[in-house]
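Structure first, then comments.
Number of protein chains: 2
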Amino acid sequence: MSVVLINAFEVATGKEDEVIAFWDEANVFLKTQPGYISTRFHRALTPESRFKFVNVAQWESIEAYQAAVQNEDFQALAQKAVGLAEYFPGLYEVIRDDHI
Amino acid sequence: MSVVLINAFEVATGKEDEVIAFWDEANVFLKTQPGYISTRFHRALTPESRFKFVNVAQWESIEAYQAAVQNEDFQALAQKAVGLAEYFPGLYEVIRDDHI
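Residue numbers (our numbering), protein chains in the order written: chain A, 1 to 100; chain B, 101 to 200.
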């Protein structure tokens, strides 16, 4: 069963462009990893949103995602994200899926 | 341009079933409203996730979404959700969309 990573970013003021640049660099790595399926990166349209950015990605399994982010190359890359935002990642299953 | 509603739920312990029941009832209403496109409701797979549930829905516009949730029938329904969870909704645009 594929899983969904949802990662909400609470971004420090003025750091938005750096966050996007980091996300792009991280994605270049993550998309090469086994089990990666897709990702969408969302930017808030309304100023009152607590989370300025939210990443929603599909991976083939929990294990595939964890192997990718525990990879030492990714760990080195992730150091660049420290101080840009507070991150609230979680792995999810889809329990309702409705479309008109 | 369609917009994405992302709503993260920080759920009080033991309230998970009530949250799902509320979500189902809310969706019966929301899917009848002008501008609704689709919705996915996600449940956390890992216990350390801060947000036990995350809703990701597509609407045709900010205005359509706001009209739906400001509707007095929805406002009455939403009273049932008080005390079940803390909600962090935001409206988003997709700025990156990658698929292998």
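Cβ atoms here follow ideal geometry from the backbone N, Cα and C, with glycine treated the same way. Predicted model only: the values in this text are computed from it and were never measured.
Burial state of residue i, where buried means 16 or more other Cβ atoms lie within 10 Å
i	result
G90 of chain A	buried
S149 of chain B	buried
A21 of chain A	exposed
K152 of chain B	buried
V119 of chain B	buried
Reference residue i, options the options, closest by Cα
i	options	result
V54 of chain A	A:F41, A:I37 and A:V94	A:F41
D197 of chain B	A:Y92, A:G14, A:K80 and A:I37	A:I37
F88 of chain A	A:V28, A:V56, A:N27 and A:E63	A:V56
A32 of chain A	A:F74, A:P47 and A:E18	Residue identity differs from the one stated: residue 32 of chain A is Thr in this sequence, not Ala. Cα-wise, what sits closest to T32 of chain A is A:F74.
V194 of chain B	A:L45, A:Y65 and A:W59	A:L45
I200 of chain B	A:Q79, A:Q58, A:A85 and A:Y65	A:Q58
L184 of chain B	B:E110, B:I106 and B:V104	B:E110
L30 of chain A	A:A68, A:K80 and A:E72	A:A68
S102 of chain B	B:E172, B:Q170, B:Q179 and B:A164	B:A164
G135 of chain B	B:L105, B:V182, B:A178 and B:E118	B:L105
A7 of chain A	A:K15, A:T39, A:E16 and A:N71	At residue 7 of chain A the sequence reads Asn, which differs from the Ala that was named. Measuring from the Cα of N7 of chain A, the nearest candidate turns out to be A:T39.
V128 of chain B	B:P147, B:A178 and B:R143	B:A178
A26 of chain A	A:G14, A:R43 and A:A76	A:A76
Under 8 Å by beta carbon: chain B residues contacting residue i
i	result
K31 of chain A	D198 and I200
Neighbour flag for residue i against chain B, beta carbons, 8 Å
i	result
Y36 of chain A	yes
L5 of chain A	no
T13 of chain A	no
F41 of chain A	yes
7 Å Cβ cut-off: residues of chain A touching residue i
i	result
L177 of chain B	By Cβ distance, chain A contributes nothing, its closest Cβ being about 17 Å from L177 of chain B, past 7 Å.
Residue i: contacting residues in chain B (beta-carbon distance under 9 Å)
i	result
F9 of chain A	Going along chain B, no residue has its Cβ under 9 Å from F9 of chain A, so there is no contact; the nearest lies around 11 Å.
V54 of chain A	V104, I106, A108, V154, V156, G190 and Y192
S49 of chain A	I106, F188, P189, G190, L191 and Y192
Per-residue contacts from residue i into chain A (C-beta, under 9 Å)
i	result
N127 of chain B	R96 and D98
8 Å Cβ cutoff, residue i in contact with chain A
i	result
A144 of chain B	yes
CB contact below 8 Å: residue i versus chain E
i	result
S61 of chain A	In the structure shown, chain E cannot be found, because the protein chains are A and B.
Exercise. Write down every uninterrupted run of the alpha helix (DSSP H) in the stretch 120–179 of chain B whose length is 4 residues or greater and which is fully enclosed by it, in chain order.
Key: Segments of the alpha helix (DSSP H) lying fully in the stretch 120–179 of chain B: 162–170 and 172–178.
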